[in-house]
Each structure stands twice: as C-alpha cells, then as structure tokens.
Amino acid sequence: MKVTKKVKDEMLAILENTYKDTKSALNFNNPFELLIAVILSAQCTDKRVNVTTARLFAKANTPEAILNMGVENLENEIRDCGLFRNKAKNIIATCHKLCSDYNGQVPSGFDELLKLPGVGRKTANVVSSIAFNRPAIAVDTHVFRVSNRLRLAEGATPNEVEKGLQKAIPMEKWSDAHHWLIWHGRKICRARKPLCGECPLKELCPSAAIDA
DNA sequence: CTCCCGATAT
DNA sequence: ATATCAGGAG
C-alpha cells in the first residue's frame, strides 16, 4: 500500500488534533537539567528518569556541583536508570567540557551539543528544540517505530527517518510533531501490543492490525 | 555490530 | 520469562 503525500497530511492533521497539547514528559528547570535528564533517558522510561533527577538535582544541578560529587556518588545516584557506568562517565566528561569551554553553560548550537560526550543526534535535537526553541525532530525509539509503521517516513536508521520526517512535515511544526509521535507511540502505537482498535489513524495506517 | 544495564509492562 | 524503555560510543 502506497502512502501518498495527501494521506500523510491527513495523518499529521489527526495526530496534531489528538496530541495538540503534549510536551516533554521529563521534568527540568533549565537547559542543563534538561540535558542531564535526556542523557539519563537512554533505554529508560521518562518516569524513572524523573524520580532519579528529582533526587539528583536536589543535591547537584550545575556542572560544578556534579563534578564535586565525583563519579562514584554520581553512579549511585543514577543507578536505577540503567547503563549507569556509561552515563555517569559521560555526564562527568560533559560537565568538564561545559566548564572548560562554555563557562558552565549549555551551548545552544546543535553542532556544539553534538560534541558533548554522551550526546548524540537524538539528545542534541531534543535540547536544541526544547531548551533553545530551534526547529528539530529528534528520532528516538518511539518516533522511529511510529514513523515506519505509518510510513510517514521510512528508513532503517534514525537518521534516514529524520530526513523523511523533515520532508513530510513543515518546519514550523517539527518540534510539535516530534511530541505528537512520541505520545502516539507511548499511548497507542506501542512497541509490544499496539492498540490498533482504538487508534485514531486505523483507517489510514498501512500497518494496522485487521482485528483488535 | 556489540556492549552497556536496572526497572517495568506484558 | 522477557521485550522494551525519550541512545551513544567503540
């Protein structure tokens, strides 16, 4: 089944209407807290990240303060999020770089964000978009899965899907559309048992289950 | 491609 | 029991 531009626009209109008021589920008060929360969110639920950051930020919410904790203490604070040794190492290295190169502030440029240890394309796009209000579509596991299922944008890698989405969606809606896809992926188009029966896109989706 | 990794939903 | 969770580095 071929998904035309017309159908893609219809899907986007429904997604926008359904998820109009969604935003990031991560809790943060400034760009630095958002950056740390997104690094922690790899292979971890945002709910778990919020529990962890609430405790962590109460003790340290600046690069200087986190460096003062040391790796051992940081590992213990973030252990519940999984991948904790890599994440702690990356967070420490990123805090060092923020202090040495950016006067303790998070840089607003995408390329500068990408160079921070533990920050890849997805994290850089999220921070760029949410903290600095730049148009961006971060392709995480939900956006990747939902985009391919709907054939809004197809690709074997997040990078390909990102390009496809940028083509399918007008730039002024990139950041919002990113959230529509996230929430659709979390609530309806789940990885395991997608709720096709109650999906607002079931008439248009080329991957919709016949039953349910 | 593999490794990192605890918590949680199914 | 195990697939999955707002991925990134080597």
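First residue of the first sequence? That's 1 in the UniProt record's numbering, and the numbers climb one at a time after it. By construction, the Cβ of each residue, glycine as well, lies at the ideal position given by its N, Cα and C atoms. If you're wondering where the values come from, they're calculated on a predicted model, not measured in any experiment.
Helix or strand or just coil, what does DSSP make of residue i?
| i | result |
| --- | --- |
| Tyr-102 | helix |
| Ile-137 | coil |
| Ala-54 | helix |
| Lys-202 | coil |
| Ala-212 | Per-residue confidence for Ala-212 stands at a pLDDT of 49, beneath the threshold of 50, marking its modelled position as unreliable; the derived number appears in the next sentence. Three-state result, Ala-212: coil. |
| Ile-207 | A small fix is needed here, since residue 207 is Ser in this sequence, not Ile. In the structure shown, Ser-207 sits in coil (DSSP, three-state: anything other than H, G, I, E or B). |
| Asn-61 | coil |
| Gly-197 | helix |
| Thr-157 | coil |
| Val-143 | helix |
| Gly-70 | helix |
| Cys-81 | helix |
| Pro-122 | It is Lys, not Pro, that sits at residue 122 in the sequence shown. Of the three classes helix, strand and coil, the one that applies to Lys-122 here is helix, per DSSP. |
| Ala-191 | coil |
| Lys-115 | coil |
| Ile-169 | coil |
| Ser-108 | coil |
| Arg-151 | coil |
Taking the CB atoms as reference points, tell me whether residue i and residue j lie closer together than 8 Å.
| i | j | result |
| --- | --- | --- |
| Gly-40 | Lys-97 | In the sequence under discussion, the amino acid at residue 40 is Leu, which differs from the Gly named in the question. The answer is no: Cβ separation not under 8 Å. |
| Thr-123 | Val-38 | yes |
| Cys-189 | Arg-145 | yes |
| Cys-81 | Arg-55 | no |
| Val-143 | Leu-181 | yes |
| Val-3 | Pro-206 | yes |
| Arg-134 | Ser-128 | yes |
| Glu-72 | Arg-85 | no |
| residue 213 | Gly-164 | Lying before the first or after the last residue shown, residue 213 is absent from the chain, which here runs from 1 to 212. |
| Glu-10 | Leu-204 | yes |
| Thr-62 | Asn-27 | no |
| Cys-196 | Lys-202 | yes |
| Leu-83 | Ala-42 | yes |
| His-179 | Thr-22 | yes |
Of the residues the options, which one's Cα is nearest the Cα of residue i?
| i | options | result |
| --- | --- | --- |
| Trp-174 | Thr-53, Val-3 and Glu-16 | Glu-16 |
| Ala-177 | Lys-2, Lys-5 and Ile-14 | Ile-14 |
| Ile-130 | Thr-4, Met-11, Lys-5 and Leu-34 | Leu-34 |
| Ile-137 | Asn-61, Thr-62, Pro-158 and Pro-107 | Pro-158 |
| Ala-60 | Leu-195, Ile-92 and Lys-115 | Ile-92 |
| Lys-6 | Asp-21, Val-119, Lys-23 and Ile-169 | Ile-169 |
| Lys-193 | Ala-208, Asn-90 and Glu-203 | Ala-208 |
| Ser-24 | Ile-66, Thr-45 and Val-119 | Thr-45 |
| Val-161 | Cys-205, Val-139 and Asp-111 | Val-139 |
| Asn-90 | Gly-164, Asn-30, Gly-70 and Asn-103 | Gly-70 |
| Pro-31 | Asp-111, Gly-164, Gly-104 and Ala-153 | Gly-104 |
| Asn-50 | Glu-64, Asn-73 and Ile-78 | Ile-78 |
| Asn-68 | Leu-165, Cys-99, Leu-12 and Ala-191 | Cys-99 |
| Arg-149 | Lys-167, Thr-62, His-184 and Pro-107 | His-184 |
| Lys-8 | Lys-167, Tyr-19 and Glu-112 | Lys-167 |
| Gly-118 | Pro-107, Ile-36 and Ala-191 | Ile-36 |
Alpha helix (DSSP H) runs contained entirely in the stretch 2-45, provided each spans 4 or more residues: 5-18 and 31-40
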